[in-house]
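Position 28, counted from 1, in the sequence shown is what this note's numbering calls 22; the numbers after and before it change by one each time, with no gaps. Quick reminder that beta carbons are idealized off the backbone N, C-alpha and C, glycines included. The structure presented is a predicted model; accordingly, all values stated were derived computationally and were not measured. Taking it in order: structure first as structure tokens, then the write-up.
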Amino acid sequence: MHFTEPVYRNPYWPTFPLLQITQGCTHNKCKFCTMYKDVDFRIQPVEWIEEDLQEIADMKPNAKTIQLLSANPLVLTYDKLAPILEMIKKYLPKMEMVYMAGRVTDVKNKTVEQ
Ligand code: SF4
-5 MHFTEPVYRN PYWPTFPLLQ ITQGCTHNKC KFCTMYKDVD FRIQPVEWIE EDLQEIADMK
55 PNAKTIQLLS ANPLVLTYDK LAPILEMIKK YLPKMEMVYM AGRVTDVKNK TVEQ
């Protein structure tokens, strides 16, 4: 798996496994949060995402939930996010729920249909 520290598992989300599709936080300005202060934001290479999904599929082929990392993967545009969600469904066909964190500004860049 291609994880970059820090890896944060939300304790309130009953999710397994974790899949990193971004690193860091695009905002990184909340005064109470130092989690990603030393981490530059970047999008995980698609090859890494696919390799990780293959590993997850080998370990947990019937996974129904998954948590996307890092801080705010929802910041990705629909055109970048949709193919990743389709890839998840391809490798994990029983997938029902994808959890990810996002800021209001991340949601703002999506249309209602998206
Ligand atoms: S948006 Fe989240 S991860 Fe980013 S700085 Fe704020 S609390 Fe931390």
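Residue i - DSSP class collapsed to helix/strand/coil
i      : result
GLN61  : strand
TYR2   : coil
GLU107 : coil
MET81  : helix
ASP88  : The identity of residue 88 in the sequence shown is Lys, whereas the question assumes Asp. Three-state DSSP puts LYS88 in coil, outside helix and strand.
Beta-bridge partners of residue i, as assigned by DSSP
i     : result
TYR93 : GLN61
Supposed close pair residue i, residue j - CB separation, criterion 8 Å
i       : j     : result
LEU12   : ARG3  : 6 Å
GLN17   : GLN38 : 7 Å
CYS19   : ASN56 : That belief does not hold up - the Cβ atoms of CYS19 and ASN56 are roughly 32 Å apart, past 8 Å.
MET81   : LYS58 : That pair is no contact at about 17 Å.
THR(-2) : VAL40 : Actually they do not touch by this definition, with Cβ atoms about 16 Å apart.
Original post:
Where are the alpha helix (DSSP H) runs, 4 residues long or more, that stay fully inside the segment 4 to 76, in chain order?
Top reply: Counting whole runs of 4 or more residues, the segment 4 to 76 contains the alpha helix (DSSP H) stretches 40 to 53.
Subject >> Meets three-Cβ-pair contact criterion under 8 Å: the segment 50 to 65 and the segment 83 to 100 >> reply: yes
Subject >> the segment 67 to 81 / the segment 99 to 108 touching (three or more Cβ pairs under 8 Å) >> reply: yes
Original post:
Are the segment 73 to 88 and the segment 31 to 44 touching by the rule of at least three beta carbon pairs closer than 8 Å?
Top reply: yes
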